[in-house]
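In the working numbering, the protein residues as written are 3 to 269.
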């Protein structure tokens with residue numbers, strides 16, 4: 003099956019979006035928003051920071067969720083799919099919607115388009131909360147692309163799903179920590195508290211709407227970030243939100259609970 007302009011355009015849009023993100027995270031202004039492995043991936047890709055690449059490789063080899071995702075993003079940015087794909091598969095299996103989206107893209111880049119695999123990862127990505135994948139599924143079923151037959155019922159379903167899915171980009175969640183700790187901005191506890199209050203409201207609405215990622219961010223808040231607003235860690239609350247995320251089938255939450263259970267078993 004021949005590639006068409008639509009496929010090339012979608013692939014280009016995804017790569018460009020990723021590169022724009024990396025370019026953003028590489029800037030000093032954006033450092034107030036983003037910390038951790040994705041920034042390391044940005045430094046590795048654009049600044050050829052060998053220490054950043056080494057840190058990602060080590061974290062990934064230990065099975066760290068964020069490091070695996072970021073190391074995959076590094077190789078995507080370097081346009082080396084043969085190195086990116088194994089990491090993307092690991093990250094996809096751990097619940098990362100962007101990784102599933104990229105696996106779908108790579109399936110569409112093959113000389114003989116692998117529509118079945120692309121559809122598999124598009125579905126997974128959409129169910130992992132990726133509205134882009136849901137919109138693309140609607141388009142696939144509406145127009146019968148990639149060897150997939152027209153199905154107006156499925157097209158309608160995924161279009162509605164894309165409209166309703168809650169994609170949380172919690173800039174304020176991490177920006178609050180930046181103001182508390184002076185990461186790229188002046189320390190300002192009052193500003194940190196204000197931003198956390200805004201974030202908690204958004205997260206509560208998303209969690210009530212069934213979004214497990216919001217549950218996980220509450221878990222992170224009570225285990226790591228509560229001290230930023232003068233609160234002690236609250237492991238009871240953290241456990242509550244972790245179990246909620248796991249009950250919704252969120253892989254990172256299930257993995258944490260499984261690891262805890264295994265430690266207790268061997269003690």
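From the three backbone atoms N, C-alpha and C, an ideal C-beta is built for every residue, glycine too.
Q: Whole angstroms is fine: what's the gap from residue 91's alpha carbon to residue 228's?
A: 33 angstroms
Q. By DSSP, does residue 28 sit in helix, in strand, or in coil?
A. A caution first: residue 28 carries a pLDDT of 38, below 50, which makes its placement in the model too unreliable to give a value.
(Q) Which of the three DSSP states is assigned to residue 237 in this structure? (A) helix
Q.
When you compare the CB positions of residue 66 and residue 99, do they come within less than 8 angstroms of one another, or not?
A. No, the Cβ-Cβ distance between residue 66 and residue 99 is not below 8 angstroms.
Q | Sequence-distant residues of the same chain with beta carbon closer than 7 angstroms to residue 193, five excluded per side | A | Spatial neighbours of residue 193 in its own chain (CB-CB distance under 7 angstroms, excluding positions within 5 residues in sequence) are listed in chain order as 181.
Q. How big is the Cα-Cα spacing for residue 161 and residue 56?
A. 41 angstroms
**Q.** Sequence-distant residues of the same chain with beta carbon closer than 8 angstroms to residue 58, five excluded per side
**A.** 39, 42, 43, 46, 69, 72, 73, 76
Q | contact_flag[the stretch 76-85, the stretch 112-131] where n(CB pairs < 8 angstroms) is 3 or more | A | no
Q) Measuring CB to CB, does residue 148 end up less than 8 angstroms from residue 120? A) In this structure, residue 120 lies closer than 8 angstroms to residue 148 by Cβ.
Q: Helix, strand or coil for residue 252, going by three-state DSSP, please let me know.
A: coil
Q: Label residue 154 either buried or exposed according to how many other C-beta atoms from any shown protein chain fall within 10 Å of its C-beta, with 16 as the threshold for buried.
A: exposed
(Q) Residues in the same chain with beta-carbon distance under 7 angstroms from residue 261, minus the five sequence neighbours each way, listed in chain order, please. (A) none
Q | Classification of residue 1 by the beta-carbon crowding that lies within 10 angstroms, buried from 16 upward | A | This structure gives no information on residue 1, because the portion of the chain shown stretches from 3 to 269.
Q.
Pop quiz: residue 240 and residue 224 are said to be a contact at Cβ under 8 angstroms. What is the actual Cβ separation, rounded to whole angstroms?
A. Rounded to whole angstroms, the Cβ separation of residue 240 and residue 224 is 4 angstroms, and the two are in contact under 8 angstroms.
Q. Can you tell me where the alpha helix (DSSP H) with residue 113 in it begins and where it stops?
A. Careful: residue 113 lies outside any alpha helix (DSSP H) and carries neither H nor E.
Q. Under the three-state reduction of DSSP, which class applies to residue 96: helix, strand or coil?
A. coil
Q) CA-CA distance, residue 94 and residue 151? A) Distance between the alpha carbons of residue 94 and residue 151: 26 angstroms.
(Q) For residue 220, report the span of its alpha helix (DSSP H) as first-last. (A) For residue 220, the enclosing alpha helix (DSSP H) has its first and last residue at 214-222.
Q.
8 angstroms is my cut-off, CB to CB: does residue 84 come that close to chain B?
A. Considering every chain present, this structure includes no chain B. It has just one protein chain.
Q. Can you tell which of 190, 108, 61, 259 has the C-alpha that lies nearest to the C-alpha of residue 246?
A. 259
Q. Can you give the Cα-Cα distance for residue 196 and residue 156, rounded to whole angstroms?
A. 42 angstroms
Q. How would you write the range of the alpha helix (DSSP H) that residue 55 sits in, first residue to last?
A. In this chain, the alpha helix (DSSP H) harbouring residue 55 covers 52-63.
Q: Note down the Cα distance separating residue 190 from residue 234, rounded to an integer number of angstroms.
A: 19 angstroms
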